[in-house]
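Peer 1: The structure that follows is given in the form of structure tokens.
Number of protein chains: 2
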Amino acid sequence: MKAQVLFSGGKDSSLSAILLDPFFDVELVTCSFSILPVGEVAKVAADELGYSHRVLELDRGILESALDIIIDDGYPRNAINHIHKTVIETLAKEDDVSLIADGVRRDDRVPKLTDAEVRSIEDRFGVSYICPLHGYGRSAVNLLVGRYLVIEEGQSDSIAKADYETELRELIRQQYGDEKVLEIFPEHVQSRVIRRV
Amino acid sequence: MKAQVLFSGGKDSSLSAILLDPFFDVELVTCSFSILPVGEVAKVAADELGYSHRVLELDRGILESALDIIIDDGYPRNAINHIHKTVIETLAKEDDVSLIADGVRRDDRVPKLTDAEVRSIEDRFGVSYICPLHGYGRSAVNLLVGRYLVIEEGQSDSIAKADYETELRELIRQQYGDEKVLEIFPEHVQSRVIRRV
Numbered sequence: 001m002k003a004q005v006l007f008s009g010g011k012d013s014s015l016s017a018i019l020l021d022p023f024f025d026v027e028l029v030t031c032s033f034s035i036l037p038v039g040e041v042a043k044v045a046a047d048e049l050g051y052s053h054r055v056l057e058l059d060r061g062i063l064e065s066a067l068d069i070i071i072d073d074g075y076p077r078n079a080i081n082h083i084h085k086t087v088i089e090t091l092a093k094e095d096d097v098s099l100i101a102d103g104v105r106r107d108d109r110v111p112k113l114t115d116a117e118v119r120s121i122e123d124r125f126g127v128s129y130i131c132p133l134h135g136y137g138r139s140a141v142n143l144l145v146g147r148y149l150v151i152e153e154g155q156s157d158s159i160a161k162a163d164y165e166t167e168l169r170e171l172i173r174q175q176y177g178d179e180k181v182l183e184i185f186p187e188h189v190q191s192r193v194i195r196r197v
Numbered sequence: 001m002k003a004q005v006l007f008s009g010g011k012d013s014s015l016s017a018i019l020l021d022p023f024f025d026v027e028l029v030t031c032s033f034s035i036l037p038v039g040e041v042a043k044v045a046a047d048e049l050g051y052s053h054r055v056l057e058l059d060r061g062i063l064e065s066a067l068d069i070i071i072d073d074g075y076p077r078n079a080i081n082h083i084h085k086t087v088i089e090t091l092a093k094e095d096d097v098s099l100i101a102d103g104v105r106r107d108d109r110v111p112k113l114t115d116a117e118v119r120s121i122e123d124r125f126g127v128s129y130i131c132p133l134h135g136y137g138r139s140a141v142n143l144l145v146g147r148y149l150v151i152e153e154g155q156s157d158s159i160a161k162a163d164y165e166t167e168l169r170e171l172i173r174q175q176y177g178d179e180k181v182l183e184i185f186p187e188h189v190q191s192r193v194i195r196r197v
């Protein structure tokens, strides 16, 4: 059975794919709002991992709604969760999708669906939504990353990633300038997969 | 690296072991308070799965504390969680244990450690605690169980299991009689692994 794994090119989504690989036919899916070439960035990492990969092109209006939310809030949580929920619903509506996975881990706060949102998506669309790392803490993730991946880590603005934040930051930059990006997004270490061990 | 997987002989702990198998050296661990031969019951299922198995003999005092809690409360949650936490701490103290896993899944309420309890155990004992099924809902679990396991399901009192409840029910029965068991434990479908597919 095929598992669609939401893929940013970072360590968590990569490790989620590796954990599912023995049990499912993994297909990596990267979302893009066509603001930046995030699909191409993710494709490089996907090729290194050796999994098939596709780009899910999404309506730019979703990102613009998220922009309204984030400017209103002054912090990213609700905007990122809005994108995440919309992405999973979009994927769940596709005809041949029955299992969607993402890299959310135990200690993550964002993006994260509520239990009610997960149940609603599973019931409405007849899909299973799984988070292979949800029961893994930092030490267990680091252990597996060290064993299976070579990664590069750095501040968000210095790492070429394909997560929701990347294009959202760029949209804020285009419309409100660099200072607004720095004001809204706290310093945050991101990872990018260089290759598989 | 070895993973100690808490094992009741049911589908969730069996499936957790199967999910970890490609990445860790799985050892199944069944707790016993020497009230019933739960270690032997679990050993039969472990042999069917093909994993090494050991019985962790625990002080009967732990079960007696749980009995006090359950009689006081009139419902099982706190008593079962008390046993679960004590079992994980006992295992975490062992010299050669660095990774402990159990079969808790997304929709489980009991037994379940709080986030603070998990962090405390990981910090104090230098272990990683993981729940491979924590990000899996009912439909995904059923899918994998159907593919990898043949199970028997039935009400708790008709299924030979090796979970905490089994010996706790027996202790209640011995000290307070059958009616008290029925009063405290709601009807609940349990599973037992018959063999691996």
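In the order they appear, the protein sequences are chains E and Z. Numbered per full-length UniProt numbering, the first sequence spans residues 1 to 197. Numbered per full-length UniProt numbering, the second sequence spans residues 1 to 197. Yeah, the Cβ is synthetic: ideal placement off N, Cα and C, and Gly gets one too. Only a predicted model underlies this, so the values are computations on that prediction, with no experimental measurement involved.
Do three or more CB pairs link the region 137 to 146 of chain Z to the region 8 to 15 of chain Z at distances below 8 Å?
Peer 2: Flag = yes, the region 137 to 146 of chain Z and the region 8 to 15 of chain Z touch.
Peer 1: Judging by CA-CA distance, which residue of E/56, E/110 and E/3 is the nearest neighbour of residue 23 of chain E?
Peer 2: When only C-alpha atoms are compared, the closest one is E/3.
Peer 1: Please go through the region 148 to 189 of chain E and give each complete alpha helix (DSSP H) segment of 4 or more residues, from N-terminal end onward.
Peer 2: Whole alpha helix (DSSP H) segments, 4+ residues: 164 to 176 and 178 to 184.
Peer 1: At 8 Å on the CB atoms, spell out the chain Z contacts of residue 130 of chain E, in chain order.
Peer 2: Per Cβ cutoff of 8 Å: 135, 136, 137 and 140.
Peer 1: Cβ atoms of residue 57 of chain E and residue 34 of chain E: under 9 Å apart, would you say?
Peer 2: The answer is yes: Cβ separation under 9 Å.
Peer 1: Using a cut-off of 8 Å between C-beta atoms, extract the partners of residue 122 of chain E located in chain Z.
Peer 2: In chain order: 137 and 139.
Peer 1: Our contact map puts residue 128 of chain Z next to residue 16 of chain E with C-beta atoms below 8 Å; I'd like the distance itself, whole angstroms only.
Peer 2: Residue 128 of chain Z to residue 16 of chain E, Cβ: 17 Å. No contact.
Peer 1: Can you check whether the C-beta of residue 125 of chain Z is within less than 9 Å of a C-beta belonging to chain C?
Peer 2: Considering every chain present, this structure includes no chain C. Its protein chains are E and Z.
Peer 1: Measure from the alpha carbon of residue 159 of chain Z to the alpha carbon of each residue in Z/71, Z/89 and Z/194, then state which is nearest.
Peer 2: Closest option to residue 159 of chain Z, Cα to Cα, is Z/194.
Peer 1: What do you get for residue 115 of chain E, buried or exposed, if any count of 16 or more other CB atoms within 10 angstroms of its CB means buried?
Peer 2: Exposed, by the Cβ-count rule.
Peer 1: How big is the Cα-Cα spacing for residue 206 of chain Z and residue 170 of chain Z?
Peer 2: Chain Z is shown only over 1 to 197; residue 206 of chain Z falls outside these bounds and no answer can be derived.
Peer 1: DSSP has residue 131 of chain E in a bridge; who is on the other side?
Peer 2: According to DSSP, residue 131 of chain E bridges with nothing at all.
Peer 1: Please list, in chain order, the chain E residues whose beta carbon lies closer than 7 Å to that of residue 28 of chain Z.
Peer 2: In chain order: nothing, as chain E lies at least about 17 Å away.
Peer 1: For residue 119 of chain E, would you say it is in contact with chain Z, using Cβ-to-Cβ distances shorter than 9 Å as the test?
Peer 2: At least one chain Z Cβ lies under 9 Å of residue 119 of chain E.
Peer 1: Leaving out five residues on either side along the sequence, give the residues of the same chain with a beta carbon under 6 Å from the beta carbon of residue 46 of chain Z.
Peer 2: So the list reads 28 and 53, once near-sequence residues are dropped.
Peer 1: Under 7 Å Cβ-Cβ, which residues of chain Z neighbour residue 22 of chain E?
Peer 2: Simply 22.
Peer 1: Report the rounded CA-to-CA distance for residue 55 of chain Z versus residue 32 of chain Z, giving the unit in angstroms.
Peer 2: Spanning the two alpha carbons is a distance of roughly 7 Å.
Peer 1: Is the Cβ of residue 12 of chain E closer than 9 Å to any Cβ of chain Z?
Peer 2: It does not; no Cβ of chain Z falls within 9 Å.
Peer 1: Find the residues of chain Z that neighbour residue 144 of chain E, judging by a C-beta separation of less than 9 Å, and give them in chain order.
Peer 2: Residues of chain Z passing the Cβ test: 23.
Peer 1: Rounded to whole angstroms, how far is the Cβ of residue 1 of chain E from the Cβ of residue 98 of chain E, which I believe are closer than 8 Å?
Peer 2: Indeed, because the Cβ distance is near 7 Å, the residues count as touching under 8 Å.
Peer 1: Are the Cβ atoms of residue 19 of chain Z and residue 168 of chain Z separated by less than 9 Å?
Peer 2: Cβ atoms of residue 19 of chain Z and residue 168 of chain Z: not closer than 9 Å.
Peer 1: Cβ of residue 104 of chain Z less than 9 Å from any chain E Cβ?
Peer 2: True, the Cβ-Cβ gap to chain E drops below 9 Å.
Peer 1: Can you give me the C-alpha to C-alpha distance between residue 96 of chain E and residue 181 of chain E, rounded to a whole angstrom?
Peer 2: So the alpha carbons of these two residues sit roughly 38 Å apart.
Peer 1: Let me know the secondary structure DSSP gives residue 25 of chain Z once reduced to three states.
Peer 2: In the structure shown, residue 25 of chain Z sits in a strand (DSSP, three-state: E or B).
Peer 1: Taking Cβ positions, are residue 196 of chain Z and residue 48 of chain Z nearer each other than 9 Å?
Peer 2: The answer is yes: Cβ separation under 9 Å.
Peer 1: Below 8 Å on the Cβ atoms is my guess for residue 136 of chain E versus residue 106 of chain E; work out the distance and round it to an integer in Å.
Peer 2: Rounded, the Cβ-Cβ distance is 6 Å, consistent with contact.
Peer 1: For residue 15 of chain E, go through chain Z and note every residue whose CB falls closer than 9 Å to its CB, in chain order.
Peer 2: Within 9 Å Cβ-Cβ: nothing; residue 15 of chain E doesn't reach chain Z, min ~10 Å.
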